[in-house]
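Participant: Residues 1399 to 1541 (my numbering) are what the sequence shown spells out, left to right. All C-beta atoms, glycine included, are put in the ideal place defined by N, C-alpha and C.
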Amino acid sequence: MGGSSAPMGTMAAAHPTGPTGIRMASKPPTANLNVVFRSGSADLTPQAITVLNHLGEALTSNQLSSYHFKIVGHTDTTGNAATNLTLSEQRAEAVKNYLATKFNVPAAKLQATGAGESDLLVPTPPNTPELRNRRVEIVNLGQ
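1. With a floor of 3 residues, list each beta strand (DSSP E) that falls wholly inside the region 1467-1534, ordered by position along the chain.
2. Quick check: Asp1441 and His1472, are their CB atoms within less than 8 Å of each other?
3. Determine whether the beta carbon atoms of Val1470 and Val1537 lie at a separation below 8 Å.
4. Drop a sphere of 10 angstroms on the beta-carbon of Ala1510, count the other beta-carbons inside from all chains shown, and report buried for 16 or more, exposed for fewer.
5. Identify, in the order they occur along the chain, each residue of the same chain with its Cβ nearer than 6 Å to the Cβ of Ala1513, setting aside the five sequence neighbours on each side.
6. Does the pairing of the region 1433-1451 with the region 1489-1501 give three or more beta-carbon distances under 8 Å?
7. Tell me the DSSP secondary structure of Val1433 in three-state form.
8. With Ile1458 and Glu1535 assumed to form a contact (beta carbons below 8 Å), what rounded beta-carbon distance in angstroms separates them?
9. Could you check whether the Cβ of Ile1447 sits closer than 8 Å to any Cβ belonging to chain D?
In structure tokens:
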């Protein structure tokens, strides 16, 4: 799954943290995306679509088009854990469906899963709304 020279690192380097909202996580080849979701919703916002358009362009580039990716949805701690797990799965599916529909990324190359509130980017107490925890991770699974 590679080190810092993995193709996903190349994608993130092309869009460090600017308007795309893409930034590398601490363990390449994973990228955290600031895909904005409203609390309790898996609907893509206009801001989310902007980020996903950049991601779709990257995933269909010559460098990345042959790779498989895992899309991991996350939530904040608002609500109960079971509901948040379902919501995180719905968020990952929404991203997968958008990329498959808008950019013709083969669905077989995208694996959607949810982590609920189990892997918080910003640690918070229970029932705390935190926009930065409502995110999606993209993991390069290789070819």
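Facilitator: On the basis of the supplied data:
1. 1508-1512
2. Position 43 of the sequence shown holds residue 1441. Position 74 of the sequence shown holds residue 1472. No, these two residues do not count as a Cβ contact at 8 Å.
3. Numbered from 1 along the sequence shown, position 72 holds the residue referred to as residue 1470. Numbered from 1 along the sequence shown, position 139 holds the residue referred to as residue 1537. Yes, the Cβ-Cβ distance between Val1470 and Val1537 is below 8 Å.
4. In the sequence shown, counting from the first residue as 1, residue 1510 sits at position 112. Counting Cβ neighbours within 10 Å, Ala1510 comes out buried, since at least 16 surround it.
5. In the sequence shown, counting from the first residue as 1, residue 1513 sits at position 115. Val1470, His1472 and Ser1486.
6. yes
7. Residue numbering aside, residue 1433 sits at position 35 when the sequence shown is read from its first letter. Residue state, collapsed to three classes: coil.
8. If you number the sequence shown from 1, residue 1458 lands on position 60. If you number the sequence shown from 1, residue 1535 lands on position 137. Rather than Ile, the amino acid found at residue 1458 in this sequence is Thr. Actually they do not touch by this definition, with Cβ atoms about 19 Å apart.
9. Given the protein chain composition of this structure (a single chain), no chain D is represented.
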